[in-house]
Every structure is written in C-alpha cells, then in structure tokens.
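Structure record follows, encoded as structure tokens.
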Amino acid sequence: MTADTVSDLFEEHRPFLAGVAYRMLGRIADAEDVVQEVWLRWSSAGREEVREPRAFLVRITTRLAIDRLRHLRSRREAYVGPWLPEPVVTEFGAAVPDSADRVVLADTVSLAVLVVLETLSPLERAVFVLREAFGFPYAEIGATLDRSEAAVRQLAGRAKRHVEERKPRYEVDPAVRRDLTERFLAAASGGDLEKLLALLAPDIRLVSDSGGKAKAPRRIIETSDKVGRFLLAVAHDWSTAADAHLLELNGGPALVFSVDGKVDTVLQVETEGGVIRRVYIIRNPDKLAGVHLGQGPGLRVE
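Under our numbering, residues 5 to 306 are what the sequence shown spells out, in order.
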C-alpha cells in the first residue's frame, strides 16, 4: 500500500471517525485530537496487520475516545454552571443519501441527546453510538471493545432504555423547528412578551453554558414566565449589538449571534406540538471556535 493510498483511505473515513468521536466526547477539540491520534497510528501501522481498514480505524477511534472520556469526567464535575456539548455544523454529505438515515444521524448528534449521553458510562456510550447512530452489528461492536456479543447486547439494551427514558420527545421536522425559531427571534427581538409566551411551553427549561467565561445564568431557568422575561431582557442586547444568523447546528436550525464578525452566542430551541420546550444557549468562547459564518464546518461529521 503506497503512502498516497494510506492517506486517501484515511481521508475517506475521516468524517465518519469524526462523527463517532464527537458523539462520544461532545467537544470538537477532543474529537479532532482523537482523529489525529488515529491517523498517527494508522500511518505507522504495518500494512500486513490491517486487513479491514474501516474496522481498524473505528476500533482505535472508539478506544481512544473511551480513554479520553474517562479523563474528562473529573474536569466536567468542576465545570462552572450547566455543561452543554460544543455546537458543530452538521454536514452528512453524499455518504448518507437516505432521508431516514439522516434523521437518525441528526437525532444522535442533537444537543438534547448528547446531554443525555453524558449520563452513560463510557462503555455504554460507545455501544449506543456505534449501534444506534451507525447501525454496527453487535458482533462487530464486541470485537471493537473486546467484549462478548452477549455483553454488548446487554450494554446496548441498558443504554437505549436510559436514553429513551430521559430524551425529550421533540419535533424532528426541520421546517417546523425553523419556523418556530424564526418566530421566536421576531417576538424576542421585537420585545413582544405576549407573542413570545405563546411560543413557549408552560414547563419550558432554559439551559445556558458559559463555563464561567461569559455572562449567562449558572442555573437552569424553568417556566414560561421566567424564561420569557429573561429572553426579553437579553434580546435587547441581541438586536442592538449583535447580528443574527440562522445555521444548521447539531442536526437542526440554530441562531448564531455575532459581534464584529465573531461568534458570541449560539441559541437552539427544541420544539414539540408547535411550542418550544427547551432553549439551549452556549456562550463559552472555548466552545464557539468551531462555528464559522459563511464558511464550511470546522469539523465535518457524519
């Protein structure tokens, strides 16, 4: 196998590996570090040792992500305020032509699901990602994790039940979410509390992630009245100091606010039954570096 072939094979699989790593870790920088380490191992591996390149690459990616996730757990326990995954521009490309497959991939990369995945053990998370996001056979997952097929089935069942019990039931139709997102922005920036409240579910929750590095609530805000009044207060700053952009992040429409061309805030809503049930706000500058305006995604995931 020539050097060009080695490189081409890896680049062919890079978006897939990035997708696995990101779903495992929830941070672009960590996912990129894992993929880079996989490349180093791939480029130095004896060619006679690698009979199935895809299986080899997925195995190394998954194991490195598990190791890194275990290391990150202690850091996240000391995180200031609520923790949310790092937003990523999603691009599933021609490798995912089927609309049903795109829905699955979008769902497994959504902020809501990634938040729930944080509550799984590293092994459960790996099994869930490989099985539910990418449809890996149990036997192949077992080979990847050095576990028996029976053990993998047990892990998969436990992880899926856990996620289904905790994952909010939201609209998957992007057109519906986009419409509500645009109406939400119009009501908030227009200072119309009545219209804004009409868009919010009574039991809505607003979760902000600043990491203590930007101004944002350090506790979850609940109920439509409290969330609506908070949003109306901050919307004044959006309308006077920031430019609003609508991008697809984590499989759904999101509002990206920029100041002097630099991304300052990412806001995404989750909807059900024609109303907004969750608002996610990310202001930690460390988590906004991968969101580019008018450019391709910093990390391409599938």
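Cβ coordinates follow ideal geometry from the N, Cα and C atoms, glycine included.
Since we're looking at a predicted model, the values are computed, not measured.
Can you give me the Cβ contacts of residue i inside the same chain, cut-off strictly under 7 Å, excluding the 5 residues immediately before and after it?
i    : result
E136 : T112 and K164
R187 : L203
S262 : A246, D247, H249, D268 and L297
E90  : G30, R31, I32, K291 and G294
R45  : I64
V42  : L21, L61, I64, T65 and L68
K171 : A116, V117 and V120
I145 : V131, L134, R135 and V156
L124 : F132, A163 and H166
L236 : A192, G195, L197 and L200
V231 : L204, I208, L210, I225 and V283
Residue i bridges to which residues according to DSSP?
i    : result
S212 : I285
D247 : S262
V276 : In the sequence as presented, Val is not what sits at residue 276; that position holds Glu. Its beta-bridge partners are V279.
T269 : F261
G256 : L253
I225 : L210
Within the continuous alpha helix (DSSP H) that includes residue i, where are the two ends?
i    : result
V93  : Looking at the DSSP string, V93 is not in any alpha helix (DSSP H), and its letter there is neither H nor E.
A143 : Y142 to L149
H75  : P57 to E81
V38  : I32 to S48
P126 : P126 to F132
A116 : L115 to L121
Going along the chain, which residues of its own chain have a beta-carbon closer than 8 Å to the beta-carbon of residue i, five neighbours each way excluded?
i    : result
A147 : A59 and R63
D37  : R72
P86  : V211, S212, D213, R222, R223 and I224
D102 : Any reading at D102 needs caution, since the residue's pLDDT is 49, under 50, leaving its predicted position unreliable; the model's value is listed next. Excluding sequence neighbours, D102 sits near nothing in its chain.
T227 : P206, D207 and I208
R80  : W87 and E122
A98  : Low local confidence applies: a pLDDT of 47 at A98 is under 50, so the model's placement there is unreliable, with the coordinate-based value given in what follows. So no residue of the chain qualifies.
Y280 : Note that residue 280 corresponds to Ile in the displayed sequence, not to Tyr. If we look at I280 and ignore the five residues flanking it on each side, its Cβ neighbours are L184, F188, L203, L204, A205, I208, V273 and E274.
P4   : The question about residue 4 has no answer here: the residues shown for the chain are numbered 5 through 306.
Might you give, ordered along the chain, the residues of its own chain that have their beta carbon closer than 6 Å to the beta carbon of residue i, omitting 5 neighbours on each side?
i    : result
V167 : V120
A239 : A192 and S193
E16  : none
I70  : P126 and A130
R74  : P126
A160 : V131 and R135
G300 : Confidence at G300 is low in this model, with a pLDDT of 47, below 50, so its placement is unreliable and no value can be given for it.
V84  : G215 and G216
Just to confirm, does residue i get its C-beta within under 7 Å of one of the non-hydrogen atoms of the ligand ATP?
i    : result
R135 : With respect to the ligand ATP, the structure offers nothing, as it holds no ligand at all.
- Query: Is it a yes or a no for the stretch 284–297 touching the stretch 212–230, going by three-plus beta-carbon pairs under 8 Å?
  - Reply: yes
- Message: To test your reading of the DSSP string, which unbroken beta strand (DSSP E) runs of 3 or more residues are found completely within the stretch 153–221?
- Response: 204–213
- Query: Taking three-plus beta-carbon pairs below 8 Å as touching, is the stretch 251–265 in contact with the stretch 205–213?
  - Reply: no
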